[in-house]
Amino acid sequence: MKTFLFVFLLVIISSCHTETGDYIPVRSLDLSSCEKIVYQEIVVKDYLLSYPTGIFLIDGKLVIKDEKGYRKLFHVITKDGELVQEFLQSGEGPEEYVSSNFNSQLSNDCILDMFDSSRKKNISFKYKEGYFSFSSMLTAKTNEENIRELVNCGNYYLATGVNGRFVDNRFLVLDTLGNVKTAIGNYPEILPDLLVKPEEDMQTILFNTALFRRSPDKQKAVFASYKGALLEFLDLSALPDSVPVKSVQLERPKKKEQITREHEGWVYGFEDVYVTNKNVYVIYNGETAVDNPELGRYILKYNWDGNLLHQYKFDMGLRSLAVDEATGTIFFVGYVNDEMKLFFGNL
Numbered sequence: 125m126k127t128f129l130f131v132f133l134l135v136i137i138s139s140c141h142t143e144t145g146d147y148i149p150v151r152s153l154d155l156s157s158c159e160k161i162v163y164q165e166i167v168v169k170d171y172l173l174s175y176p177t178g179i180f181l182i183d184g185k186l187v188i189k190d191e192k193g194y195r196k197l198f199h200v201i202t203k204d205g206e207l208v209q210e211f212l213q214s215g216e217g218p219e220e221y222v223s224s225n226f227n228s229q230l231s232n233d234c235i236l237d238m239f240d241s242s243r244k245k246n247i248s249f250k251y252k253e254g255y256f257s258f259s260s261m262l263t264a265k266t267n268e269e270n271i272r273e274l275v276n277c278g279n280y281y282l283a284t285g286v287n288g289r290f291v292d293n294r295f296l297v298l299d300t301l302g303n304v305k306t307a308i309g310n311y312p313e314i315l316p317d318l319l320v321k322p323e324e325d326m327q328t329i330l331f332n333t334a335l336f337r338r339s340p341d342k343q344k345a346v347f348a349s350y351k352g353a354l355l356e357f358l359d360l361s362a363l364p365d366s367v368p369v370k371s372v373q374l375e376r377p378k379k380k381e382q383i384t385r386e387h388e389g390w391v392y393g394f395e396d397v398y399v400t401n402k403n404v405y406v407i408y409n410g411e412t413a414v415d416n417p418e419l420g421r422y423i424l425k426y427n428w429d430g431n432l433l434h435q436y437k438f439d440m441g442l443r444s445l446a447v448d449e450a451t452g453t454i455f456f457v458g459y460v461n462d463e464m465k466l467f468f469g470n471l
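In structure tokens:
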């Protein structure tokens, strides 16, 4: 994932500004007291894990988002590893997708949403009687060519992006027909000291795309930056007027002594995010490419108030995760012996 250049970041070297002008201190983590999880492998049949960018849980099944090397984007398997369905084919047809990002959303009403940024379309699938089927498609009716996310928030859709109207406002709010209603939200202040080259466009670099996951009840969302380790907890209940934000900054974004042409000294933040209506789970890296050239090995659990509840450490790099809070079971994809494998354990 370190080869991708999409990130979302609110940060200055030692602290950050919120929209109200308050400072967000960098919180240090004591990772020496992390819990360790006993886990077992789930042997996946008829489907080779490639590079999953999300796992969802529904009706006792796992929905794995994994597009590398496959025509279908989503793969539904049982907890015993049996493949039961694959859906959403790549292509330019009316029920196909052209481009996918790292973010999809599953709601309490069993609707799975995926935004195709190339066509500015939100594609929805409904889970019913054991299978997903095409439900609807919403097109963002705007001339903006730089929408990166379009998230179903119930009565409204929230869009993020770069350039155009996103230069002055962080979000566009759309109605359920895809019409833009308003632009809201401010970008945080960013010091030019973060730039390797002063002429670079920091807003494009840092706000182009982020891990953005919405809670199943559509009332909350979280941004997690890939660089700099910023978590932002968003309250969606005030739409369309505002989006209150609570921010947690875990790392200073750069180690200047490690800046090179390859990775520019960035401290990597979060590899994946899983959300429930109660909690937020993130795969955390917290190191530079020099210190850790592989994936993050920690999972952090937060509540929606931004309070850290638990820390877990693993003996492998982690790519994606999901948590069944009813049973206390965690499912995760890890990188072992040059292979992606699926595991489960008890929290």
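Residue numbers (our numbering): 125 to 471. For glycine and all other residues, C-beta sits at the position ideal for the given N, C-alpha and C.
For this session: Could you tell me which of K250, F468, K189 and N225 sits nearest to I235, measuring between CA atoms?
Result: Distance from the Cα of I235 is smallest, within the candidate group K250, F468, K189 and N225, for K250.
Exercise. When you compare only the Cα positions, how much space is there between V187 and L230?
Worked result: 10 Å
Exercise. In the structure shown, what three-state DSSP assignment does G288 receive?
Worked result: helix
Problem set entry | Chain-order list of residues whose beta-carbon lies under 7 Å from that of S228 (same chain, five-residue window excluded) | G178, K189, L236, D237 and M238
Problem set entry | Nonlocal neighbours in the same chain, by C-beta distance under 6 Å from V304, ignoring five residues either side | T266, L296 and L298
Problem set entry | Whether E273 touches A283 by CB criterion (9 Å) | Contact: yes.
Exercise. For L172 versus V457, is the C-beta spacing smaller than 9 Å?
Worked result: For the pair L172 and V457, the CB atoms are not nearer than the 9 Å cut-off.
Problem set entry | Alpha-carbon spacing of I271 relative to L424, whole angstroms | 29 Å
Exercise. If you draw a straight line from the alpha carbon of L354 to that of A345, how long is it in whole angstroms?
Worked result: Each residue's Cα considered, the two are about 14 Å apart.
For this session: May I have a chain-ordered list of the beta strand (DSSP E) segments no shorter than 3 residues that lie completely inside the region 338 to 370?
Result: 344 to 348 and 354 to 359
Exercise. So Y392 and N409 are in contact, right, with Cβ under 8 Å, and what is the actual spacing, rounded?
Worked result: 4 Å
For this session: Evaluate N287 with the Cβ neighbour count: other Cβ atoms within 10 Å of its Cβ, from every protein chain shown; 16 or more gives buried, anything less gives exposed.
Result: exposed
Problem set entry | Three or more C-beta pairs below 8 Å linking the region 160 to 170 and the region 201 to 210 | yes
Problem set entry | V406 burial status per 10 Å Cβ neighbour count (16 or more: buried) | buried
Exercise. In whole angstroms, what separates the C-alpha of K437 from that of S257?
Worked result: 37 Å
Problem set entry | Among A264, G389, E356 and Q382, the one whose alpha carbon lies nearest that of L374 | E356
Problem set entry | Length of the line joining the Cα atoms of V404 and I454 | Taking the CA atoms as reference points, V404 sits about 13 Å from I454.
Problem set entry | Exposure of T451, with buried meaning 16 or more beta-carbon neighbours within 10 Å | exposed
For this session: Classify P218 as buried or exposed, calling it buried when 16 or more other Cβ atoms lie within 10 Å of its own Cβ.
Result: exposed
Exercise. When every heavy atom of the ligand FAD is checked, does at least one fall within less than 8 Å of the C-beta of C277?
Worked result: Summarising the ligand content, the structure contains no ligands, and the ligand FAD is consequently not present.
Problem set entry | CA-to-CA distance, L442 to R289, given in whole angstroms | 36 Å
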